[in-house]
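J.:
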Amino acid sequence: MNTLRVLIADDHDVVRKGLKMLIEEHPGWEVCAEARSGREAVAKCTQSNPDVVVIDVSMPDLNGLEATKQIRKACPRAEVLVITHHDSDEMAAAVMDSGARGYVLKSDSDVDLVRAVEALGHHKPFFTSRVTEMFLANRGGRVSDPAEMLRGRLTAREREILQLIAEGKTAKEVAVVLGIATKTSDTHRTNIMRKLDLHSVAELVRYAIRNRVVEP
Amino acid sequence: MASTRVLLSDDHSFMRRGLRTILEATDGYQVCGEAADGLETLNLASQLAPDILIMDISMPPPNGLEVAAKLRDSLPKTKILLITMHDSEEMLRAAAEAGASGYLLKSDAEELLLAALRRLEENRPFVSPAFSPDLARQLFE
Numbered sequence: 001m002n003t004l005r006v007l008i009a010d011d012h013d014v015v016r017k018g019l020k021m022l023i024e025e026h027p028g029w030e031v032c033a034e035a036r037s038g039r040e041a042v043a044k045c046t047q048s049n050p051d052v053v054v055i056d057v058s059m060p061d062l063n064g065l066e067a068t069k070q071i072r073k074a075c076p077r078a079e080v081l082v083i084t085h086h087d088s089d090e091m092a093a094a095v096m097d098s099g100a101r102g103y104v105l106k107s108d109s110d111v112d113l114v115r116a117v118e119a120l121g122h123h124k125p126f127f128t129s130r131v132t133e134m135f136l137a138n139r140g141g142r143v144s145d146p147a148e149m150l151r152g153r154l155t156a157r158e159r160e161i162l163q164l165i166a167e168g169k170t171a172k173e174v175a176v177v178l179g180i181a182t183k184t185s186d187t188h189r190t191n192i193m194r195k196l197d198l199h200s201v202a203e204l205v206r207y208a209i210r211n212r213v214v215e216p
Numbered sequence: 001m002a003s004t005r006v007l008l009s010d011d012h013s014f015m016r017r018g019l020r021t022i023l024e025a026t027d028g029y030q031v032c033g034e035a036a037d038g039l040e041t042l043n044l045a046s047q048l049a050p051d052i053l054i055m056d057i058s059m060p061p062p063n064g065l066e067v068a069a070k071l072r073d074s075l076p077k078t079k080i081l082l083i084t085m086h087d088s089e090e091m092l093r094a095a096a097e098a099g100a101s102g103y104l105l106k107s108d109a110e111e112l113l114l115a116a117l118r119r120l121e122e123n124r125p126f127v128s129p130a131f132s133p134d135l136a137r138q139l140f141e
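Chains A and B supply the protein sequences, listed in that same order. At position 97 of the first sequence (counting the first as 1) the number is 97 in my numbering, and the numbers step up by one without a gap. At position 50 of the second sequence (counting the first as 1) the number is 50 in my numbering, and the numbers step up by one without a gap.
#1: With a CB to CB cut of under 6 Å and the five nearest residues on each side skipped, what residues in its chain are close to A68 of chain B?
#2: Are the CB atoms of T21 of chain B and P50 of chain B nearer to each other than 7 Å?
#3: Is the shortest distance between the beta-carbon of R118 of chain B and the beta-carbons of chain A less than 7 Å?
#4: Counting contacts by CB-CB distance shorter than 7 Å, is S88 of chain B in contact with chain A?
#5: Shortest alpha-carbon distance to V95 of chain A belongs to which of A:G179, A:V57 and A:T155?
#6: Output yes if chain B places a C-beta closer than 7 Å to the C-beta of K18 of chain A; else output no.
#7: Which of the three DSSP states is assigned to D112 of chain A in this structure?
#8: Which residues bound the alpha helix (DSSP H) around S46 of chain B?
#9: What whole-angstrom Cβ distance do F126 of chain A and G99 of chain A have, given they're in contact under 8 Å?
#10: Quick test of the definition: if touching needs 3 or more C-beta pairs under 8 Å, does the segment 9 to 18 of chain B touch the segment 170 to 190 of chain A?
#11: Under a Cβ-count criterion, where at least 16 other Cβ atoms within 10 Å of its own Cβ denotes burial, should H122 of chain A be classed as buried or exposed?
#12: State yes or no: is the beta carbon of F126 of chain B nearer than 7 Å to at least one beta carbon in chain A?
#13: Pick helix, strand or coil for A2 of chain B, following the three-state DSSP scheme.
#14: Comparing C-alpha positions only, which one of A:E34, A:L105 and A:N211 sits nearest to K44 of chain A?
#15: Quick one: is L150 of chain A buried, meaning 16 or more other Cβ sit within 10 Å of its Cβ, or exposed?
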């Protein structure tokens with residue numbers, strides 16, 4: 001039997017510990033890597049090539065949804081299971097839009113997580129019945145995702161930069177994190193503000209919070 | 001020597017499991033129960049009278065602050081360690097007013113959980129180092 005290799009990404013050490021215990025109690029499953037930020041998750045995914053990535057949404061540097069998009073691009077074989085404490089239609093839609101094929105709330109039971117990892121290990125999607133109902137309703141024409149506007153208007157790089165600025169990083173610090181020139185970082189910020197019709201960093205931060213790019 | 005009996009209260013099952021893993025790997029602590037919301041916490045705390053209650057603040061109602069305030073009168077011997085992602089001074093103040101003995105940020109939990117529990121066992125308060133020691137003393141001592 002092949003071992004199912006799982007990467008765990010959550011910025012809270014204790015949550016990772018709990019997830020690791022839960023996964024490694026299951027015969028034939030192992031945690032092949034752990035990450036504390038979205039950016040680290042993307043890097044470790046390309047290094048360790050896991051079968052399943054279990055990733056939190058709210059993480060520093062690069063949130064779990066943006067990290068999922070990058071993981072799906074860099075490691076298309078890896079299935080992504082998103083865990084979050086946000087229980088909303090908007091979040092469920094954003095999770096599905098990111099390319100994740102599983103969504104479990106942190107308040108869901110251990111059994112749900114195990115079932116989700118098992119399903120994704122077989123390349124089958126896993127969503128709770130509530131999420132499935134919401135998805136079907138949206139397919140019927142009721143799309144009400146406020147983050148959709150943001151996703152449509154900004155490029156992936158601009159969304160990354162929006163999060164970093166909203167976390168308090170200067171243009172220079174953003175440049176260092178992303179390995180780009182400060183001037184390029186400045187240009188991205190200007191473009192973001194123009195596209196979103198924002199006129200100050202404070203407005204930009206409020207926008208990022210309102211659209212759940214960062215936590216309040 | 002008898003183990004310190006700990007009740008875990010958090011609506012996130014992975015968090016509870018992580019806390020349980022740390023405590024079960026440490027001599028001197030026994031997890032006597034787990035609760036996933038405020039009401040269950042009140043019921044289990046009344047039944048079990050734990051030495052220490054480790055409790056999240058943001059939970060299905062009543063929240064951790066409301067539970068702490070209720071238990072302050074009914075179970076005065078139970079020490080309460082609030083464990084939370086809220087790093088605001090306002091929330092710290094509310095925790096002290098509710099009668100908690102400790103305030104541990106979730107980001108510090110793996111590193112400082114045992115230190116926090118030892119402080120509470122010595123009848124001394126614990127506050128995560130992200131807050132100023134002066135403020136912590138002023139609110140909790």
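Ideal placement from N, C-alpha and C gives every residue a C-beta, glycine not left out. Treat the numbers as computed from the prediction; the structure is a model and nothing was measured.
T.: So, from the data block:
#1: Translated into the one-based positions of the second sequence, residue 68 of chain B becomes position 68. If we look at A68 of chain B and ignore the five residues flanking it on each side, its Cβ neighbours are I80, A98, G99 and A100.
#2: Here the question's residue 21 of chain B lines up with position 21 in the second sequence. Here the question's residue 50 of chain B lines up with position 50 in the second sequence. Not in contact: T21 of chain B and P50 of chain B (Cβ atoms no closer than 7 Å).
#3: Locating residue 118 of chain B in the second sequence gives position 118, where the first residue counts as 1. No, its Cβ sits nowhere closer than 7 Å to a Cβ of chain A.
#4: On the second sequence, residue 88 of chain B is found 88 positions in, with the first residue counted as 1. No, S88 of chain B lies away from the interface with chain A (no Cβ there is under 7 Å from its Cβ).
#5: Your numbering for residue 95 of chain A matches position 95 in the first sequence. Here the closest residue by C-alpha is A:V57.
#6: Locating residue 18 of chain A in the first sequence gives position 18, where the first residue counts as 1. It should be noted that the sequence gives Gly, not Lys, for residue 18 of chain A. Yes, contact with chain B.
#7: Taking the first sequence and counting its residues from 1, the one referred to as residue 112 of chain A is at position 112. Correct three-state label for D112 of chain A: helix.
#8: Start at 1 with the first residue of the second sequence, and residue 46 of chain B comes out as number 46. Here the alpha helix (DSSP H) through S46 of chain B covers G38 to L48.
#9: Indexing the first sequence from 1 puts residue 126 of chain A at position 126. Indexing the first sequence from 1 puts residue 99 of chain A at position 99. In this structure F126 of chain A does not touch G99 of chain A by the C-beta definition: roughly 14 Å separates them, more than the 8 Å allowed.
#10: no
#11: What you label residue 122 of chain A is simply residue 122 of the first sequence in a count that begins at 1. With fewer than 16 Cβ atoms within 10 Å of its Cβ, H122 of chain A is classed as exposed.
#12: Here residue 126 of chain B corresponds to residue number 126 of the second sequence, with the count starting at 1. For F126 of chain B, the answer is no, since every Cβ of chain A falls outside 7 Å of its Cβ.
#13: The residue labelled residue 2 of chain B in the question sits at position 2 within the second sequence. Of the three classes helix, strand and coil, the one that applies to A2 of chain B here is coil, per DSSP.
#14: To locate residue 44 of chain A, count along the first sequence from 1; it is residue 44. It is A:E34 whose Cα lies nearest to the Cα of K44 of chain A.
#15: On the first sequence, residue 150 of chain A is found 150 positions in, with the first residue counted as 1. In this prediction, L150 of chain A scores a pLDDT of 48, lower than 50, which makes its location untrustworthy; no coordinate-derived value is stated.
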